[in-house]
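The next block holds one structure in the form of structure tokens; read it before the comments.
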Amino acid sequence: MMDEDVRDLEGELAPLLCAALKGDQRAYALFLKETTCILRSMVALRIGSLPQDSQEDILQEMLMALHAKRNTWDMNTPVLAWIRAIARYKLIDIQRRRRLLAYVPLDADLKAEPGAGDVPAVLAARDSESLLARLDPRSARIVRAVSLEGDSMAEVGHRLSMSEGAIRVALHRAIKRLAAIARKDDI
Amino acid sequence: MKTEDLIADLSRDAAATPLRPLRIGAALSGVIILCAAAFLAVAGIRDGLGAALSDPVIGSKTFLPFVLCVAAVASALRLMRPERNGQFRIFVPALVGLAAGVVLVAGGFVAQPRELWFAELNPVSVTQCLGFILLISVPALALSFRLLAQGATTAPMRSGAVLGCAVSAGVTTGYSLYCVQDNPVFFVIWYGMAILIMTAIGALAGSRFLRW
Numbered sequence: 001m002m003d004e005d006v007r008d009l010e011g012e013l014a015p016l017l018c019a020a021l022k023g024d025q026r027a028y029a030l031f032l033k034e035t036t037c038i039l040r041s042m043v044a045l046r047i048g049s050l051p052q053d054s055q056e057d058i059l060q061e062m063l064m065a066l067h068a069k070r071n072t073w074d075m076n077t078p079v080l081a082w083i084r085a086i087a088r089y090k091l092i093d094i095q096r097r098r099r100l101l102a103y104v105p106l107d108a109d110l111k112a113e114p115g116a117g118d119v120p121a122v123l124a125a126r127d128s129e130s131l132l133a134r135l136d137p138r139s140a141r142i143v144r145a146v147s148l149e150g151d152s153m154a155e156v157g158h159r160l161s162m163s164e165g166a167i168r169v170a171l172h173r174a175i176k177r178l179a180a181i182a183r184k185d186d187i
Numbered sequence: 188m189k190t191e192d193l194i195a196d197l198s199r200d201a202a203a204t205p206l207r208p209l210r211i212g213a214a215l216s217g218v219i220i221l222c223a224a225a226f227l228a229v230a231g232i233r234d235g236l237g238a239a240l241s242d243p244v245i246g247s248k249t250f251l252p253f254v255l256c257v258a259a260v261a262s263a264l265r266l267m268r269p270e271r272n273g274q275f276r277i278f279v280p281a282l283v284g285l286a287a288g289v290v291l292v293a294g295g296f297v298a299q300p301r302e303l304w305f306a307e308l309n310p311v312s313v314t315q316c317l318g319f320i321l322l323i324s325v326p327a328l329a330l331s332f333r334l335l336a337q338g339a340t341t342a343p344m345r346s347g348a349v350l351g352c353a354v355s356a357g358v359t360t361g362y363s364l365y366c367v368q369d370n371p372v373f374f375v376i377w378y379g380m381a382i383l384i385m386t387a388i389g390a391l392a393g394s395r396f397l398r399w
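Now the structure itself:
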């Protein structure tokens with residue numbers, strides 16, 4: 001294979017997909033393998049802070065979307081632009097869905113104490129410190145202690161001389177605000 | 188499942204028929220024409236259609252929605268390709284249509300004595316105009332969504348809005364062959380309202396049914 005820098009991905013991938021659509025399975029396998037590399041780097045760039053196995057899940061979901069919509073490529077247009085458009089769409093879609101999943105239970109039941117283990121998806125999905133820096137210092141401290149370091153609400157409350165209930169409410173609000181910030185960044 | 192296994196699985200199923208937007212465009216036009224024709228078959232065509240169409244002001248109530256429909260269908264088809272979500276090119280035709288509508292309404296104000304401006308404005312005629320257009324548009328839109336879902340829009344809301352506009356503008360074109368309200372103040376406002384409502388419904392439905 002040629003050197004990374006001088007490889008003509010477009011020139012390699014377009015004929016492969018072209019042959020694949022006509023039924024060439026070997027060409028399709030090669031196409032998917034090369035495309036996986038592109039997708040992997042996109043996933044690493046956008047959600048590199050997620051655990052490896054969730055990244056792989058998302059990658060596979062993107063591959064399946066690409067497969068399902070493989071007939072929408074116009075052979076007269078660049079295949080890379082087409083791949084990136086689908087990948088971007090799927091990534092945003094998946095992130096949105098995960099955020100919704102992470103927030104519904106919190107909104108539905110304020111009393112449910114987030115355990116040390118379940119770090120909110122917004123924090124997991126990106127550089128948490130840069131997000132926390134955009135909260136007021138006290139909220140950031142609460143989120144860091146409870147969600148990232150796993151301290152109990154009672155401990156944190158004692159340290160900040162707040163009641164446990166007040167911590168719970170502050171945490172809930174802070175996480176909602178973080179989600180809003182993350183959403184704005186995405187758009 | 189390992190990614191390599193997934194690739195092996197997917198590659199066994201390589202062949203696919205390329206998307207043909209022109210064919211889908213033909214089907215889409217067919218759906219719109221069929222729904223409008225079904226209405227005309229029941230309701231009938233207005234008296235003096237030929238004379239009405241050759242009058243520039245009255246003819247515009249058929250011509251303007253027709254042009255808007257063609258532009259919107261083209262835009263909806265373009266959006267079926269995932270990488271083309273920035274190229275929906277409907278703003279210019281929509282703005283030209285809007286400007287033409289404003290000119291027509293202004294012309295209607297100038298050409299008619301004041302008491303005739305809103306002469307046709309009564310609940311019955313408005314309900315008839317809006318009601319018929321919406322009634323025919325809804326099933327046409329539902330069928331059209333199935334066609335458009337064959338593509339892979341990466342802007343579902345935009346696609347839905349453009350599709351709602353295309354369908355309702357097409358239906359309005361058909362409806363205008365039946366409608367005898369020839370006052371531009373009336374038909375520009377209520378045709379426009381019907382198309383706007385369907386565009387909004389299309390946008391909402393698109394963000395739900397055109398996701399994949």
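As given, the protein sequences belong to chains A and B, one line each in that order.
Take 1 as the starting number for the first sequence in my numbering and just add one per residue.
Take 188 as the starting number for the second sequence in my numbering and just add one per residue.
Don't be surprised by glycine CBs; every beta carbon is placed ideally from N, CA and C.
Note that the coordinates shown come from a computational prediction; the quantities given were computed from them, not determined experimentally.
Quick one: what's got a C-beta closer than 8 Å to residue i's C-beta in the same chain, skipping five residues either side?
i	result
Thr-36 of chain A	Leu-59, Leu-63
Arg-183 of chain A	Arg-99
Ser-363 of chain B	Lys-248, Thr-249, Pro-252, Phe-374, Tyr-378
Gly-235 of chain B	none
Pro-78 of chain A	Glu-10, Ala-14
Glu-113 of chain A	Bear in mind that the predicted position of Glu-113 of chain A carries a pLDDT of just 44, short of 50, making it unreliable; the figure below should be weighed with that in mind. Once the five neighbours on either side are set aside, the close Cβ partners of Glu-113 of chain A are Met-153, Arg-168.
Ile-211 of chain B	Leu-264, Met-267, Leu-334, Leu-335, Gln-337, Gly-338
Lys-69 of chain A	Ile-86
Val-292 of chain B	Pro-371, Val-372, Val-375, Ile-376
Is residue j closer than 7 Å to residue i when the C-beta atoms are compared?
i	j	result
Ala-201 of chain B	Ala-20 of chain A	yes
Ala-306 of chain B	Ile-277 of chain B	no
Glu-164 of chain A	Ala-154 of chain A	yes
Arg-138 of chain A	Ile-181 of chain A	no
Val-229 of chain B	Gly-295 of chain B	no
Ala-356 of chain B	Cys-222 of chain B	no
Ser-198 of chain B	Leu-32 of chain A	yes
Gly-393 of chain B	Ser-346 of chain B	yes
Asn-71 of chain A	Leu-206 of chain B	yes
Val-143 of chain A	Val-156 of chain A	no
Val-218 of chain B	Ser-324 of chain B	no
Ala-353 of chain B	Val-260 of chain B	yes
Taking all protein chains shown into account, decide if residue i is buried (16 or more other Cβ within 10 angstroms of its Cβ) or exposed.
i	result
Gly-115 of chain A	A caution first: Gly-115 of chain A carries a pLDDT of 42, below 50, which makes its placement in the model unreliable, though a value can still be read off. Answer is exposed; the Cβ neighbour count stays below 16.
Ile-232 of chain B	exposed
Pro-51 of chain A	exposed
Asp-118 of chain A	A caution first: Asp-118 of chain A carries a pLDDT of 47, below 50, which makes its placement in the model unreliable, though a value can still be read off. So Asp-118 of chain A ends up on the exposed side.
Asn-370 of chain B	buried
Val-349 of chain B	buried
Arg-46 of chain A	buried
Gln-368 of chain B	buried
Val-279 of chain B	exposed
Ala-238 of chain B	exposed
Ala-108 of chain A	Low confidence applies to Ala-108 of chain A: its pLDDT is 41, below 50, so where it sits in the model is not reliable, and the reading given next is rough at best. With fewer than 16 other Cβ atoms within 10 Å, it is exposed.
Asp-192 of chain B	exposed
Leu-17 of chain A	buried
Thr-359 of chain B	buried
Pro-208 of chain B	buried
Thr-386 of chain B	buried
Report the neighbours of residue i on chain B: residues whose CB is nearer than 7 Å to its CB, in chain order.
i	result
Gly-23 of chain A	Ala-201, Ala-202
Lys-33 of chain A	Ile-194
Asn-71 of chain A	Ala-203, Thr-204, Pro-205, Leu-206
Glu-56 of chain A	Thr-190
Ala-20 of chain A	Ala-201
Starting from the C-beta of residue i, find all residues in its chain whose C-beta is less than 6 Å away, skip the five residues before and the five after it, and write them out in chain order.
i	result
Ile-384 of chain B	none
Ile-388 of chain B	Gly-351
Pro-105 of chain A	Annotation note: pLDDT 42 at Pro-105 of chain A (below 50); position unreliable, coordinate value reported separately. Closer than 6 Å at Cβ, skipping near neighbours: no residue.
Glu-12 of chain A	none
Sorted by chain position, which residues of the same chain lie with C-beta nearer than 7 Å to residue i's C-beta, five sequence neighbours on each side aside?
i	result
Ala-329 of chain B	none
Arg-26 of chain A	none
Ala-390 of chain B	Met-344, Gly-347, Ala-348, Gly-351
Ser-262 of chain B	Phe-275, Arg-276, Ile-277, Val-349
Ile-38 of chain A	Ile-83
Mind pulling the chain A residues with CB within less than 9 Å of residue i?
i	result
Ser-346 of chain B	Correct list: empty, because the minimum Cβ distance to chain A is about 12 Å.
Leu-291 of chain B	The premise fails here: Leu-291 of chain B is roughly 38 Å from chain A at the closest Cβ pair, so nothing lies under 9 Å.
Taking C-beta pairs closer than 8 Å, name the residues in chain B that residue i reaches, listed in chain order.
i	result
Gln-60 of chain A	Met-188, Thr-190, Leu-193
Mind listing the chain B neighbours of residue i? Cutoff is C-beta to C-beta under 9 Å, in chain order.
i	result
Ala-44 of chain A	Chain B residues near Ala-44 of chain A: none, gap ~14 Å exceeds 9 Å.
Quick one: list the residues of chain A neighbouring residue i, beta-carbon separation under 7 Å, in chain order.
i	result
Ser-331 of chain B	Correct list: empty, because the minimum Cβ distance to chain A is about 18 Å.
Ala-339 of chain B	Lys-69, Thr-72, Ile-86
Ser-198 of chain B	Gln-25, Tyr-28, Ala-29, Leu-32
Just the chain A side, please: which residues come within less than 8 Å of residue i by C-beta, in chain order?
i	result
Ser-262 of chain B	Residues of chain A passing the Cβ test: none, with the nearest at roughly 16 Å.
Pro-269 of chain B	Lys-69, Thr-72, Trp-82, Ala-85, Ile-86, Tyr-89
Ser-241 of chain B	Correct list: empty, because the minimum Cβ distance to chain A is about 41 Å.
Indicate whether the contact test is met: 3 or more Cβ pairs, each with one atom in the stretch 254–274 of chain B and one in the stretch 305–318 of chain B, closer than 8 Å. no
Would you be able to state if there are at least three C-beta pairs under 8 Å between the stretch 269–276 of chain B and the stretch 326–341 of chain B? yes
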